[in-house]
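A.B. asks: If you read the sequences in order, they're chains A and B. Using numbering that gives the first Met the number 0, read the first sequence as starting at 0 and increasing by one per residue. Using numbering that gives the first Met the number 0, read the second sequence as starting at 0 and increasing by one per residue.
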Amino acid sequence: MKNILFRVKDMNKSFGITRANHNVSMEIRKGEVHGLIGENGSGKSTLISMISGMAEKDSGEMFIGDTPYEPSSPVTALESRIGTVVQELGLVDGLSVAANIFLGRMDRFKKLNIIDNGALYNEVESIYKKWNLPRINPRILAGSLTVEQKKIVELTRALSIDPELLILDEITAALSYNTRKILFDIMDKLKASNKSILIVTHDLEELLHLSDEITILRDGKKVTTKRVEDLTESSLKQLMVGRDIEGDYYRADSTDDFSSEVVLKLNNISDGENFTDVTLELHKGEIVGLCGLSDAGIHEVAEAVFGVRPLVAGDITLTKGNRKIHTDSMAMAYGMGYVPKDRDRQALMVSDSIENNVALSMLDELKGPFGFISPAKITGVGKKVIKDYKVVAIDEKVALASLSGGNRQKVNLGRWLLQHKDILILDSPTRGVDVGVKAYIYDIMKQLKKKGVSILLISDELPEVIGLSDTVYVFKNSKIEKKFRRSEGLTEEKIIEVML
Amino acid sequence: MTKRKINLEYVLPFGFLIILFIVFSILNGASFFRMYNIRTIVDSMIPLCIGGYGMLFVIAQGSIDMSAGSNLAFSATLGAVLAAKHGSLVILVICILIGAGVGFINGILVSKFKVSSIMATLAQLIILRSLVVILSKGSVIFVSPSILKMNRWGSKGLIFVIATIVAIYLFEYTKLGFSARSIGENEIVCNYVGLKTRRIKTIAYVVAGAFTGLAAVLTISRIGGVDPNMGQSFELQVMLAVFVGGVPVNGGSKSSIVKIIIGALLFSILQSGLVLSNANSETVELIQGLMLIIMVALILKANKMSTVKTSKE
């Protein structure tokens, strides 16, 4: 038992009739990275929220070394030196970065009952320095940060206590390539000083690469814990899902293959801030992949193409009907579907029903005479998305909040597919979804390509871009740095070399 | 077939309505059911409903219109100045247009200049009221007596029914209504799905203004002229009815016209019932205020219970 840093024993937690955790036990060794994996809804986040003091357990025991551990709130977890970065964003938008980092622990900066901001900011700066984190101004409000910056702030908070155990729930998906590297360095540093890390990620390759030991959950129960040497990507998939998943995730062909007909043309577009002089063509049946570091501007290009971000120069032409999406026109693009990057903030009304979320994207199509939108039609499209895209939900009237991330994404994608759009802009379509849904989304993309649909794929996951695209544009410093065509020899290393 | 859960936020106000009805019919006996009392109830309910229909388009998208009362007085006054000698139909049209015009200005302030809706309409509340006093020189303006005909049951009832049908159609069954509710759910999402949210917000204020203009006409027809003090705190009464009826304070897809009718009815029955029971006006307001607090708290609680039941992981 000496080399065990933390363990949980027979943890149980139910939400109504759902048993989110059913007698889960797990041991985390000192100086190791412990991976936790399972499909969406398998109970990973539940387990983590009990460990980090955010949720109360129904029954079970937890120990730090041999001492029983009973966190009553996230602050007591921090006091026990367990630092957590949660999957959902856990910052107060209206407070400064520094206040968020020391939320609930500000007493130490009090002088005569007043917070000494200078000392607070200094402390934050010294944490950045200590862990070599990218500096985020501690004075600014958390609400003005990007998703990635928010994650870094949460990481700073978790590191501010010099954690014995650092818990990272789905953090890498929100990080760009360069920030990931910094994180991996931090993990190595912690390991070297005999601290431990519990990591949750859907990226199997990354998990196998980072972890020393992996625990697999399925339907709230532990399947097994194995040393990483005894696991492969495919055996891991099998253990997670409980059945064999077909080997082919990505496209089988290794050459580009599409019609010469141009459907969308970006001509020297700039938004004056995030990207400049971007010129590219999208052909019928082509998948174009965009990749780059976090500040390279690829996500903003997607917004501009759909018309939600104004341009200061250049133009975007849709060949069909020769429609121009004008410089400051924020108009909805004709014949395009758009899956934005931040699913729960930009794409879906989380507290509204499935059918309303589907209908929202096709109000003009649902209109009858005199602009009448019949509730029966709304229900109809809701039902159709659930049925056609295998959404797991009681019915089309339930709120999206009750669906798992993967099922939300199916609704998000399904509502555009239902309209048979010719062009789809997919920004990080598999972000935060499990292998099963991921394979399903890739499969749909391959089918769409065959039907002649053109796809603009923006992603931080290089294997995904390489595995699916006909043409890859690599962005660097707001510009297209290099264009690659699909080929046998196109590897992650080649792209990374251009990105950095 | 799936069984739907009973929707508490509909049931609560409706249950309250039935309880009030029973309580007052016991307390006041036959006088509660006299034609005179029923007329009083309907009389006070109609302007609340009409003001509420307009307000709902604004509230559904998470904004507010504080200027309704002043807009009512302004539309009535300017309408009377412009068309005092004309027939009632001309006044009707003119008042609705003026109301819609004011709504348009509100809408532009909120959607284009990004002034928060409470600030913009609060300023309008003061501005419009002072314009009313300037226009009317502080005294009552009389209009052509033919307007009084509109206060008859037949025409008033007809106006109410048409207004209700139009409101239900626009709010429940068109892109405008759907978008307004969706903006209340999440405005960013609406932008990202390609909706012209700025335009929709402006139109919602125009609709709100038009309904206020209609309420102005009905008020003129009741008193036969325009009093510079008319419509004082009209917006507050309308909001009370809207929220007592169960419309969420932040708007969203749970907003509906039916809730306003129930809220307005609740409010009016409470008022007339209390007056019949010899309560003074301070007591009436006290009880109305308490009812709002209780109803909003109960609905919040009910919603929380149902979300806990459906949430997973």
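Ideal Cβ placement from N, Cα and C applies to all residues, glycine included.
Does the Cβ of residue 11(B) lie closer than 7 Å to at least one heavy atom of the ligand FAD?
C.D. replies: Absent from the structure shown: the ligand FAD. Ligands present: none.
A.B. asks: Anything in chain A within Cβ reach of residue 257(B), meaning under 8 Å, just list it in chain order.
C.D. replies: Within chain A, no residue comes near residue 257(B); the closest Cβ sits about 14 Å away, beyond 8 Å.
A.B. asks: Tell me whether the segment 303-321 of chain A and the segment 185-197 of chain B touch, counting them as touching only if at least three CB pairs, one residue from each stretch, are closer than 8 Å.
C.D. replies: yes
A.B. asks: Does the beta carbon of residue 86(A) come closer than 8 Å to any beta carbon on chain B?
C.D. replies: No, no contact with chain B.
A.B. asks: Helix or strand or just coil, what does DSSP make of residue 337(A)?
C.D. replies: strand
A.B. asks: Name the residues in the segment 383-412 of chain A whose C-beta lies less than 9 Å from a C-beta of chain B; which are they?
C.D. replies: 393, 394, 396, 397, 398, 400, 401, 402, 403
A.B. asks: How would you list, in chain order, the residues of chain A whose beta-carbon sits under 7 Å from the beta-carbon of residue 185(B)?
C.D. replies: 348
A.B. asks: Just tell me which of 22(B), 264(B), 14(B), 91(B) has its CA closest to the CA of residue 42(B).
C.D. replies: Checked all of 22(B), 264(B), 14(B), 91(B); the closest Cα to residue 42(B) is 264(B).
A.B. asks: List the endpoints of the continuous beta strand (DSSP E) containing residue 172(A).
C.D. replies: Careful: residue 172(A) lies outside any beta strand (DSSP E) and carries neither H nor E.
A.B. asks: From the DSSP output, which residues share a beta bridge with residue 158(B)?
C.D. replies: For residue 158(B), which the question treats as bridged, DSSP gives no partner whatsoever.
A.B. asks: Return the first residue and the last residue of the beta strand (DSSP E) that residue 62(A) is part of.
C.D. replies: 58-63
A.B. asks: For residue 67(A), which residues of its own chain have a beta-carbon under 8 Å away from its beta-carbon, when the five flanking residues on both sides are left out?
C.D. replies: 60, 61
A.B. asks: Can you have a look at residue 278(A) and say buried or exposed, based on whether 16 or more other CB atoms are within 10 angstroms of its CB?
C.D. replies: exposed
A.B. asks: So, using beta-carbon positions, are residue 176(A) and residue 426(A) closer together than 8 Å?
C.D. replies: no
A.B. asks: With 8 Å set as the bound, which would you pick, yes or no: does the beta-carbon of residue 74(B) sit closer than that to a beta-carbon of chain A?
C.D. replies: no
A.B. asks: Would you list, in sequence order, the uninterrupted beta strand (DSSP E) runs of no fewer than 3 residues that lie entirely inside the segment 1-38 of chain A?
C.D. replies: 3-14, 17-28, 32-36
A.B. asks: Taking only three categories from DSSP, how would you classify residue 68(A)?
C.D. replies: coil
A.B. asks: Within the continuous alpha helix (DSSP H) that includes residue 298(A), where are the two ends?
C.D. replies: 297-305
A.B. asks: Residues in the segment 197-215 of chain B with C-beta within 7 Å of chain A's C-beta atoms, listed in sequence order?
C.D. replies: If the cut-off is 7 Å between Cβ atoms, the segment 197-215 of chain B has nothing near chain A.
A.B. asks: Leaving out five residues before and five after residue 150(B) in sequence, what residues of the same chain have Cβ atoms less than 7 Å from its Cβ?
C.D. replies: The residues are 220, 221.
A.B. asks: Taking the continuous alpha helix (DSSP H) assigned at residue 52(A), which residues delimit it?
C.D. replies: Where residue 52(A) is concerned, there is no enclosing alpha helix (DSSP H), given that its DSSP letter is neither H nor E.
A.B. asks: State the CB to CB distance for the pair residue 35(A) and residue 160(A), rounded to an integer number of angstroms; the pair is presumed to be in contact (CB under 8 Å).
C.D. replies: Between residue 160(A) and residue 35(A) the Cβ distance is about 21 Å, and since that is not below 8 Å, they are no contact.
A.B. asks: Please report the distance separating the alpha-carbon of residue 204(B) from that of residue 167(B).
C.D. replies: Near 16 Å, if we compare the C-alpha coordinates of residue 167(B) and residue 204(B).
A.B. asks: What does the Cβ neighbour count give for residue 168(A), buried or exposed, with the cut at 16 atoms within 10 Å?
C.D. replies: buried
A.B. asks: In angstroms with no decimal places, state the Cα-to-Cα distance between residue 352(B) and residue 66(B).
C.D. replies: Here chain B covers residues 0 to 312 and nothing more, so residue 352(B) does not appear.
A.B. asks: Kindly say whether residue 113(B), judged by its beta-carbon, lies nearer than 8 Å to any beta-carbon of chain A.
C.D. replies: The Cβ of residue 113(B) sits no closer than 8 Å to any Cβ of chain A.
A.B. asks: By DSSP's criteria, residue 426(A) is part of a beta bridge. Which residues make up the other side?
C.D. replies: 457(A)
A.B. asks: Using a beta-carbon distance cut-off of less than 9 Å, what residues from the segment 369-381 of chain A approach chain B?
C.D. replies: 369, 370, 371, 372, 373, 374, 377
A.B. asks: When the Cα atoms are used, what is the spatial distance from residue 337(A) to residue 8(A)?
C.D. replies: Going by the C-alpha atoms only, they are around 45 Å apart.
A.B. asks: Measure from the C-beta of residue 288(A) to each C-beta in chain B and report whether the shortest distance is under 8 Å.
C.D. replies: no
A.B. asks: Any beta carbon of chain A sitting closer than 8 Å to that of residue 56(B)?
C.D. replies: no
A.B. asks: Suppose you measure from the CA of residue 326(A) to the CA of residue 269(A); what does that come to, to the nearest Å?
C.D. replies: Residue placement at residue 326(A) cannot be trusted, given a pLDDT of 42 that sits under 50; the coordinates are not used to answer.
A.B. asks: Mapping the DSSP letters down to three states, classify residue 156(A) as helix, strand or coil.
C.D. replies: helix
A.B. asks: Within the chosen definition, does the segment 383-396 of chain A reach the segment 339-357 of chain A through at least 3 CB pairs nearer than 8 Å?
C.D. replies: yes
A.B. asks: With 8 Å set as the bound, which would you pick, yes or no: does the beta-carbon of residue 359(A) sit closer than that to a beta-carbon of chain B?
C.D. replies: yes
A.B. asks: When the Cα atoms are used, what is the spatial distance from residue 206(A) to residue 298(B)?
C.D. replies: 45 Å
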